[in-house]
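Novice:
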Amino acid sequence: MSTSNGQDFDRGAAAYAAYLESDEGRRRAQTTWGFVSMYLPKAGRALDVGGGGGMLAKSLSQAGLRVVVLDRSAAMLAQAVRVNDGAETPPHFLRGAIEGLPFGTSVFDVVTCHAVLEYVPKQMFGLGHLANTVAPGGLLSLETFRAGVSGDGEPDEVFGIARRGIRCGDVHEVLAGHGLSVFASRHDARRLHVLARARR
Ligand SMILES: C[S@@+](CC[C@H](N)C(=O)[O-])C[C@H]1O[C@@H](n2cnc3c(N)ncnc32)[C@H](O)[C@@H]1O
Numbered sequence: 001m002s003t004s005n006g007q008d009f010d011r012g013a014a015a016y017a018a019y020l021e022s023d024e025g026r027r028r029a030q031t032t033w034g035f036v037s038m039y040l041p042k043a044g045r046a047l048d049v050g051g052g053g054g055m056l057a058k059s060l061s062q063a064g065l066r067v068v069v070l071d072r073s074a075a076m077l078a079q080a081v082r083v084n085d086g087a088e089t090p091p092h093f094l095r096g097a098i099e100g101l102p103f104g105t106s107v108f109d110v111v112t113c114h115a116v117l118e119y120v121p122k123q124m125f126g127l128g129h130l131a132n133t134v135a136p137g138g139l140l141s142l143e144t145f146r147a148g149v150s151g152d153g154e155p156d157e158v159f160g161i162a163r164r165g166i167r168c169g170d171v172h173e174v175l176a177g178h179g180l181s182v183f184a185s186r187h188d189a190r191r192l193h194v195l196a197r198a199r200r
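Each residue of the sequence shown is one higher than the one before, starting from 1 at the first, in the working numbering.
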């Protein structure tokens, strides 16, 4: 079983695009957006980490935010560029990894990271980096698979890529340690979506 790097998603990009277009993919995008969009500011800077595919970036831009999409995979980024083609205020696209975000601390009013951490080898290290980029009073939206989906934290594989779920308690602990408090969360047996706010 492979571990995640940009090349994994370069190979899996077409399969992921097909998923996004499927009924299940569209339903998930709607549910996710319905939850996060309630809490967005009307303007400001947003960072979508692992935002390959580009659908969330498109919605964030349309909601009035100036968006940066960062992703490790060139093919996923290319897809995001295509999806946002012709947008009035197109996002800025950047190739990079969650483990080395090139922005400094306390920069973004909104940071989103959806369906990414389960592919990251050092998940809590990555989550700490994400949390550091949120500006005081800013919003973090983290959607991820829960540990236990595939047998108490054991990795499984989708799109030919290894995936490992996350423990809810660990997420809360890391966010609190970085000065963010979770104010809303939704979860089912598979997925966890938390919204957290950085201290002012
Ligand atoms: C399952 S897709 C999710 C795409 C999108 N966020 C969504 O919700 O549909 C996972 C994305 O995370 C990216 N990714 C995986 N590991 C990453 C890392 N360490 N740093 C940045 N992006 C990463 C992949 O390239 C891919 O685009």
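Glycine residues also receive a C-beta, built at the ideal position from the N, C-alpha and C atoms.
For residue 163 and residue 124, I'd like the C-alpha separation in whole angstroms.
Specialist: If I take the Cα positions, the gap works out to 14 Å.
Novice: I'd like the span of the beta strand (DSSP E) that includes residue 182, first residue to last.
Specialist: Residues 180-187.
Novice: For ligand 1, is there a heavy atom less than 7 Å away from the beta-carbon of residue 71?
Specialist: Indeed, a heavy atom of ligand 1 lies less than 7 Å from the Cβ.
Novice: Kindly give me the distance between the Cβ atoms of residue 12 and residue 160, rounded to whole angstroms, as I take these residues to be in contact under 8 Å.
Specialist: Contact flag correct, Cβ pair sits at about 6 Å.
Novice: Do residue 194 and residue 171 have their CB atoms nearer than 8 Å?
Specialist: The answer is yes: Cβ separation under 8 Å.
Novice: Just to confirm, is the Cβ distance from residue 45 to residue 60 under 8 Å?
Specialist: For residue 45 and residue 60, no; Cβs fall outside 8 Å.
Novice: If you run the structure through DSSP and keep just helix, strand and coil, what is residue 157?
Specialist: Here residue 157 sits in strand by DSSP.
Novice: Going by C-alpha distance, which of 132, 165, 94, 85 is nearest residue 74?
Specialist: Comparing Cα-Cα distances from residue 74 to each of 132, 165, 94, 85, the minimum goes to 94.
Novice: Verify whether the separation of the beta carbon atoms of residue 180 and residue 131 is less than 8 Å.
Specialist: Yes, they are a contact pair.
Novice: On a CA-only basis, which of 29, 23, 21 is nearest residue 114? Give me that one, please.
Specialist: Ranking 29, 23, 21 by Cα distance to residue 114 puts 29 first.
Novice: If you check the beta carbons only, do residue 109 and residue 135 fall under 8 Å apart?
Specialist: Taking 8 Å as the Cβ cut-off, residue 109 and residue 135 qualify as a contacting pair.
Novice: For residue 112, count neighbouring Cβ atoms within 10 angstroms of its own Cβ and tell me buried if that reaches 16, exposed if not.
Specialist: Residue 112 should be labelled buried.
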